[in-house]
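S.K.:
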Amino acid sequence: MDLHTASNQIKKNSWDIIEGWLELVLSDEKIESSYHISKLDLIDGMPVVLRAVAKNITKPIEKELEKTGLFGIKASDQSIMRLNQGYSLAEIFREYTWLREQILLHLEKNKIITKNEYLLHSRLDRAIDEQLLNAVDTFTANFTKELKKKATTDPLTNILNRRAFFSNLDRELKRAKRYGHDVALLMIDLDNFKQLNDKLGHLAGDRYLKNFSSYLTRQSRDTDYVARVGGDEFALILPETSLSQATDVTKRIEGAFSKIREFKTDLNISVSIGISINGTSSPIHIYNAADKALFRAKKRKAHWTNSAKKRQAGNE
Numbered sequence: 003m004d005l006h007t008a009s010n011q012i013k014k015n016s017w018d019i020i021e022g023w024l025e026l027v028l029s030d031e032k033i034e035s036s037y038h039i040s041k042l043d044l045i046d047g048m049p050v051v052l053r054a055v056a057k058n059i060t061k062p063i064e065k066e067l068e069k070t071g072l073f074g075i076k077a078s079d080q081s082i083m084r085l086n087q088g089y090s091l092a093e094i095f096r097e098y099t100w101l102r103e104q105i106l107l108h109l110e111k112n113k114i115i116t117k118n119e120y121l122l123h124s125r126l127d128r129a130i131d132e133q134l135l136n137a138v139d140t141f142t143a144n145f146t147k148e149l150k151k152k153a154t155t156d157p158l159t160n161i162l163n164r165r166a167f168f169s170n171l172d173r174e175l176k177r178a179k180r181y182g183h184d185v186a187l188l189m190i191d192l193d194n195f196k197q198l199n200d201k202l203g204h205l206a207g208d209r210y211l212k213n214f215s216s217y218l219t220r221q222s223r224d225t226d227y228v229a230r231v232g233g234d235e236f237a238l239i240l241p242e243t244s245l246s247q248a249t250d251v252t253k254r255i256e257g258a259f260s261k262i263r264e265f266k267t268d269l270n271i272s273v274s275i276g277i278s279i280n281g282t283s284s285p286i287h288i289y290n291a292a293d294k295a296l297f298r299a300k301k302r303k304a305h306w307t308n309s310a311k312k313r314q315a316g317n318e
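In terms of this note's numbering, the sequence shown opens at residue 3 and continues consecutively.
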């Protein structure tokens, strides 16, 4: 095979190659994003890619193909454009595999390479490419899943963070409005928790928060959402739950908490809970209502505690 002839053939017939490549890309069911992009957007940048291929055949141009080189920069720009168009990493890979297939096919048709050479290249490439694409697809899916988990999970307690809490609350309120059922929100606070941090240190405080998060998760259903929305403040979203049912959940959480050994300290840490029911509320409205209910619950508990102390002091 004459390298100069192959290079000139690619340069001379670049648009024929691109049109064949376009047909392959549009017919590939594994490149879903291509069906939503205009042909002009798909073709954009491909002539430069072909020019780099043709140039490298006669004389290797490693420097120009590197990320900071002329063709490397163009390839980077095109990958950013593809990602903005909704492509996955695997879909970008598939475009390039089809381009190579089309170049080899074009060279074989124009008798620059023999049919056996074409078959050898295409079969070798396909065996490697499909395995590579599967690896990339799996890696991307797991990487995306991990990123999503990090973006929605509180790093200390491994339950939902504040951002995920509001996102799920908004979704459940919309679902409740659509189907006509209630959503209950419990705002939960650990009374006197600051004393634990001050007297026993933050490591002990972190351990306590982790244990309490696990406790809330055990007390909830699979359909509920447990979140940490502040330092020692937690939230529990209860879909399809009435006020009376939410009150029962509150009593269960408070009752069981006082009996668990790992939560007992000399610092009199207890749980206060505020309840709100959705009605026609927005996420911020139901959140504020539950937060106010929590404040009232803490105030009542503080009053009871102070009254008990006064009575005890009077008896001494």
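Idealized CB from N, CA, C, for every residue including glycine.
Which of the three DSSP states is assigned to Thr155 in this structure?
M.R.: As a position in the sequence shown, residue 155 is number 153, starting the count at 1. Of the three classes helix, strand and coil, the one that applies to Thr155 here is strand, per DSSP.
S.K.: Residues in the same chain with beta-carbon distance under 6 angstroms from His108, minus the five sequence neighbours each way, listed in chain order, please.
M.R.: As a first step, residue 108 is located in the sequence shown; it is residue number 106 there, counting from the start. Once the five neighbours on either side are set aside, the close Cβ partners of His108 are Ile19.
S.K.: So, under 8 angstroms CB-CB, Leu296 and Ile262 are touching, yes? Tell me the CB distance rounded to an integer number of Å.
M.R.: As a working note, residue 296 is residue 294 in the sequence shown. As a working note, residue 262 is residue 260 in the sequence shown. With a Cβ gap of about 21 angstroms, Leu296 and Ile262 do not count as contacting.
S.K.: Looking at the secondary structure, which residues open and close the alpha helix (DSSP H) in which Val228 lies?
M.R.: As a working mapping, residue 228 is identified with position 226 in the sequence shown. Looking at the DSSP string, Val228 is not in any alpha helix (DSSP H); the run it does join, the beta strand (DSSP E), is Tyr227 to Arg230.
S.K.: Using the C-alpha atoms, what's the distance from Phe141 back to Arg223?
M.R.: Your numbering for residue 223 matches position 221 in the sequence shown. Your numbering for residue 141 matches position 139 in the sequence shown. Answer to the nearest angstrom: the Cα atoms are 32 angstroms apart.
S.K.: Mind checking Leu5: buried by the 16 CB within 10 Å criterion, or exposed?
M.R.: Within the sequence shown, the letter at position 3 stands for residue 5. With fewer than 16 Cβ atoms within 10 Å of its Cβ, Leu5 is classed as exposed.
S.K.: Indicate the three-state DSSP secondary structure (helix, strand or coil) for Leu187 in the structure shown.
M.R.: As a first step, residue 187 is located in the sequence shown; it is residue number 185 there, counting from the start. It is a strand residue.
S.K.: To the nearest angstrom, how far is it from the Cα of Ser24 to the Cα of Val55?
M.R.: Residue 24 sits at position 22 when you count from the first residue of the sequence shown. Residue 55 sits at position 53 when you count from the first residue of the sequence shown. Residue identity check: residue 24 is Leu in the sequence provided, not Ser. The alpha-carbon atoms of Leu24 and Val55 are separated by roughly 17 angstroms.
S.K.: In whole angstroms, what is the alpha-carbon distance linking Glu318 and Leu162?
M.R.: Taking the first residue of the sequence shown as position 1, residue 318 is located at position 316. Taking the first residue of the sequence shown as position 1, residue 162 is located at position 160. Low per-residue confidence applies at Glu318: pLDDT is 45, beneath 50, and the placement is therefore not dependable enough to give any value.
S.K.: Reducing DSSP to helix, strand and coil, say where Glu31 ends up.
M.R.: As a first step, residue 31 must be located in the sequence shown, where it is residue number 29. In the structure shown, Glu31 sits in coil (DSSP, three-state: anything other than H, G, I, E or B).
S.K.: Helix, strand or coil: which one does DSSP assign to Ala193?
M.R.: As a first step, residue 193 is located in the sequence shown; it is residue number 191 there, counting from the start. Sequence inspection shows Asp at residue 193; the Ala mentioned does not correspond to that position. Residue state, collapsed to three classes: strand.
S.K.: For Asp43, which residues in the same chain have their Cβ closer than 6 angstroms to its Cβ, ignoring the five residues on either side in sequence?
M.R.: For the purposes of this step, residue 43 is taken as residue 41 along the sequence shown, with counting starting at 1. Taken in chain order, the list of residues that qualify is empty.
S.K.: Please confirm if the stretch 149-162 is in contact with the stretch 204-218, defined as three or more CB-CB distances below 8 angstroms between the two stretches.
M.R.: These segments touch.
S.K.: Less than 8 angstroms separating the beta-carbons of Leu198 and Ala206?
M.R.: As a first step, residue 198 must be located in the sequence shown, where it is residue number 196. As a first step, residue 206 must be located in the sequence shown, where it is residue number 204. Taking 8 angstroms as the Cβ cut-off, Leu198 and Ala206 qualify as a contacting pair.
S.K.: Leaving aside the five residues before and after Ser1 along the sequence, list all residues of the same chain whose C-beta is less than 7 angstroms from its C-beta, in chain order.
M.R.: Within the shown structure, residues of the chain are numbered from 3 to 318, placing residue 1 beyond reach of any answer.
S.K.: So, with DSSP's three-state summary, where would you put Gly276?
M.R.: Against the sequence shown, residue 276 aligns to sequence position 274. Gly276: strand per DSSP, three-state reduction.
S.K.: Is it the case that the Cβ atoms of Ile271 and Leu192 are separated by a distance below 8 angstroms?
M.R.: Residue mapping note: residue 271 aligns to position 269 of the sequence shown, counting from 1. Residue mapping note: residue 192 aligns to position 190 of the sequence shown, counting from 1. For Ile271 and Leu192, yes; Cβs fall inside 8 angstroms.
S.K.: Look at the alpha carbon of Ser78 and the alpha carbon of Leu67, and state the distance between them as a whole number of angstroms.
M.R.: Residue 78 sits at position 76 when you count from the first residue of the sequence shown. Residue 67 sits at position 65 when you count from the first residue of the sequence shown. Cα to Cα, the separation comes out at about 11 angstroms.
S.K.: With a Cβ-Cβ cutoff of 8 angstroms, do Leu188 and Thr252 count as a contact?
M.R.: Within the sequence shown, numbered from 1, the residue matching residue 188 stands at position 186. Within the sequence shown, numbered from 1, the residue matching residue 252 stands at position 250. Yes, the Cβ-Cβ distance between Leu188 and Thr252 is below 8 angstroms.
S.K.: Cβ atoms of Ile94 and Gln11: under 8 angstroms apart, would you say?
M.R.: The residue labelled residue 11 in the question sits at position 9 within the sequence shown. The residue labelled residue 94 in the question sits at position 92 within the sequence shown. Going by C-beta atoms, Gln11 is not nearer than 8 angstroms to Ile94.
S.K.: Please report the residue range of the beta strand (DSSP E) in which Ile63 lies.
M.R.: Working through the sequence shown from its first residue, we reach residue 63 at position 61. Run containing Ile63: none; DSSP gives neither H nor E here.
S.K.: Please classify Pro241 as buried or exposed, where buried requires at least 16 other C-beta atoms within 10 Å of its C-beta.
M.R.: Walking along the sequence shown from the start, residue 241 turns up at place 239. Flag for Pro241 reads buried.
S.K.: Measuring alpha carbon to alpha carbon, tell me which of Asp46, His38, Ile279 and Thr60 ends up nearest Lys13.
M.R.: Here residue 13 is taken as the residue at index 11 of the sequence shown, counted from 1. Considering only alpha carbons, the answer is Thr60.
S.K.: Whole angstroms are fine: how far does the CA of Ile82 sit from the CA of Ile288?
M.R.: In the sequence shown, counting from the first residue as 1, residue 288 sits at position 286. In the sequence shown, counting from the first residue as 1, residue 82 sits at position 80. Taking the straight line from one Cα to the other gives about 41 angstroms.
S.K.: Does the distance from the C-beta atom of Ala92 to that of Val27 stay below 8 angstroms?
M.R.: As a position in the sequence shown, residue 92 is number 90, starting the count at 1. As a position in the sequence shown, residue 27 is number 25, starting the count at 1. No.
S.K.: Write down every uninterrupted run of the alpha helix (DSSP H) in the stretch 90-129 whose length is 4 residues or greater and which is fully enclosed by it, in chain order.
M.R.: Counting whole runs of 4 or more residues, the stretch 90-129 contains the alpha helix (DSSP H) stretches 91-111.
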